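Comments concern the structure below.
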Amino acid sequence: MPERPNSERTEAKRKVVIYYNQLSQRARRLANRYQTFFVSGACDVTLLPSSASSVRDQTQLMQVSERAQECVVIGGDGSINIVVNALVQAERHRQVALTVIPVGTGNDFARDHNLKRWNWRMKAEFATQVEAVGYVQSNDQSRYFVNHVGTGLSVDLMRLQPHWLKQSAGHLSYLIALARYLFGSMTSRSRVRRGNYWDDGQFVALGRYIGGGFLVHPQADRRSAMLARIRVPKMPRWRQVKALLNVLRGRIETTASIDFERGNKFQLGDTEHVLELDGDIYFQGPATVSIATVTILVSVPFFEITKGDNS
């Protein structure tokens, strides 16, 4: 059950960390606005801009989250991933509420929580709810994720979606990259081994969306977690386009050319391909993907909680 809603009157003496994407002008502007908002509520605020090193950011987040009650992330899914891993490593994942202000390109975590407005935390009463996270373990590395982990197709799409394209096209950059993939060279695609077969892509999803809004796990519920594994076999181009149209219509589970299954633990990838978590490349496959034994505390607008309880 979610905790009761909070309001500005209960903000007194709260310690708040604001982690924001330093490369985004909008994120910098919103960080200043949220700093003013929390300071006006008698909060102790720490501003932490991102750097070129996610390892450095994670270390700093571990330090500044000590005794904090809330961490506001102003950025995209990659920024959320960094914060969650920092909070878990610092053993603050059940004491610090994760508040997301979406300023990324994909914003799949925010979309899954219906967080659309940048000022939602300022205007609405909010509640906190306990949610699951995913866990990836390879031969020598491990990491938590909040949306998905993928190999093959998703990594290829990242390479077809450079930073300049994200900046100029925003959310549409995902569709542009997908069109480049579908109608580009077949020989440049990654082929992930699965026994005696080859897959163009393999994913394990915790949330409903990946890739900036593609609905791949329609029945996902982060509070009672269940993973979905999606495998896209090597197939002719026309069949891939047809399968994609079904995915866009929310029919991934009934698309015969795509392997879809639910579970709590899956194997993913092979020794020749890297894995991306929440839109960033992290380490080499293969890996075991499972529901983590730890959970996180997530801030959501209170009306979303009541709407979900009544549905």
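Taking our numbering, the leading residue of the sequence shown gets 4, the next gets one more, and so forth.
We put the beta carbon where it would ideally sit given N, CA and C, even for glycine.
Treat the numbers as computed from the prediction; the structure is a model and nothing was measured.
With the cut-off set at 8 Å, would you say Y184 and L163 are in Cβ contact?
Translated into positions along the sequence shown, residue 184 becomes position 181. Translated into positions along the sequence shown, residue 163 becomes position 160. The answer is yes: Cβ separation under 8 Å.
How is the alpha helix (DSSP H) around W167 delimited, first residue to last?
Walking along the sequence shown from the start, residue 167 turns up at place 164. Unbroken alpha helix (DSSP H) run through W167: 166-172.
What's the gap between the Cα of I299 and the Cα of A180?
The residue labelled residue 299 in the question sits at position 296 within the sequence shown. The residue labelled residue 180 in the question sits at position 177 within the sequence shown. About 32 Å.
Out of K268, V149, A34, which one is the CA nearest neighbour of Y23?
Here residue 23 refers to the residue found at position 20 when the sequence shown is read from its first residue. Out of K268, V149, A34, A34 has the C-alpha closest to the C-alpha of Y23.
Identify, in the order they occur along the chain, each residue of the same chain with its Cβ nearer than 7 Å to the Cβ of G253, setting aside the five sequence neighbours on each side.
The residue you call residue 253 lines up with position 250 of the sequence shown. Around G253: L218, P221.
Is it buried or exposed for S27, if we count other Cβ within 10 angstroms and need 16 for buried?
Along the sequence shown, read from residue 1 onward, the residue named residue 27 stands at position 24. Buried, by the Cβ-count rule.
Consult DSSP for W201 and reduce its assignment to one of helix, strand or coil.
If you number the sequence shown from 1, residue 201 lands on position 198. W201 falls in the strand class under three-state DSSP.
Taking the alpha carbon of F148 as the point to measure from, which residue in A290, Q72, V87 has its own alpha carbon closest?
Numbered from 1 along the sequence shown, position 145 holds the residue referred to as residue 148. Measuring from the Cα of F148, the nearest candidate turns out to be V87.
How would you label W123, buried or exposed, when you count the other beta carbons within 10 angstroms and need 16 or more for buried?
Along the sequence shown, one-based indexing puts residue 123 at 120. Per the 10 Å Cβ criterion, buried.
Run through DSSP, which three-state label would I83 get?
Counting from 1 along the sequence shown, the entry for residue 83 is found at position 80. Residue state, collapsed to three classes: helix.
Please give the ranges of any alpha helix (DSSP H) in the stretch 28-84, keeping only runs that are unbroken, at least 4 residues long and fully inside the region.
Within the stretch 28-84, the complete alpha helix (DSSP H) runs of at least 4 residues are 28-43, 57-67.
So, for A100: in the same chain, excluding its five sequence neighbours on each side, which residues have a beta-carbon less than 6 Å away from its beta-carbon?
On the sequence shown, residue 100 is found 97 positions in, with the first residue counted as 1. Closer than 6 Å at Cβ, skipping near neighbours: E73, T131, L300, S302.
Candidates G153, S293, M189: which alpha carbon is nearest Q287's?
Within the sequence shown, residue 287 is the residue found at index 284, counting from 1. Answer by Cα proximity: G153.
Report all residues from its chain with a CB closer than 8 Å to the CB of H116; omit the five preceding and five following residues, and keep chain order.
Taking the sequence shown and counting its residues from 1, the one referred to as residue 116 is at position 113. Excluding positions up to five away in sequence, the list reads V103, V301, V303, E307.
How would you call Q144, buried or exposed, if buried means at least 16 neighbouring beta carbons within 10 angstroms?
Taking the sequence shown and counting its residues from 1, one reaches residue 144 at position 141. Classification for Q144: exposed.
Which whole-angstrom value is the C-beta distance of A246 and S260, which I expect to be below 8 Å?
Residue mapping note: residue 246 aligns to position 243 of the sequence shown, counting from 1. Residue mapping note: residue 260 aligns to position 257 of the sequence shown, counting from 1. Confirmed, Cβ separation roughly 5 Å.
If you follow the alpha helix (DSSP H) that L251 is part of, which residue opens it and which one closes it?
Position 248 of the sequence shown, counting from 1, holds the residue named residue 251. 240-251 is the span of the alpha helix (DSSP H), which, as asked, contains L251.
Pick helix, strand or coil for K237, following the three-state DSSP scheme.
Indexing the sequence shown from 1 puts residue 237 at position 234. Three-state result, K237: coil.
Could you name the residues of the same chain whose beta carbon sits closer than 6 Å to that of E256, not counting the 5 residues immediately before and after it, in chain order?
As a working note, residue 256 is residue 253 in the sequence shown. Only F263 meet the Cβ criterion.
Pick from Q25, F41, M161: whose alpha carbon is nearest that of A182?
Residue mapping note: residue 182 aligns to position 179 of the sequence shown, counting from 1. Nearest of Q25, F41, M161 to A182, Cα basis: M161.
Okay, do the stretch 290-297 and the stretch 265-275 touch, 3+ Cβ pairs below 8 Å being the bar?
Yes, they touch.
Throw me the rounded Cβ distance for the S202 and P236 pair, which I believe falls under 8 Å.
Taking the first residue of the sequence shown as position 1, residue 202 is located at position 199. Taking the first residue of the sequence shown as position 1, residue 236 is located at position 233. Checking the sequence, you will find Asp at residue 202 rather than Ser. Correct: roughly 6 Å between the Cβ atoms.
According to the neighbour-count rule (16 or more other Cβ atoms, all chains shown, within 10 Å of its Cβ), is F186 buried or exposed?
By one-based count along the sequence shown, residue 186 stands at place 183. So F186 ends up on the exposed side.
Anyone know if the C-beta pair for F112 and I83 falls short of 8 Å?
By 1-based counting over the sequence shown, the position of residue 112 is 109. By 1-based counting over the sequence shown, the position of residue 83 is 80. Result yes, Cβ atoms of F112 and I83 sit closer than 8 Å.
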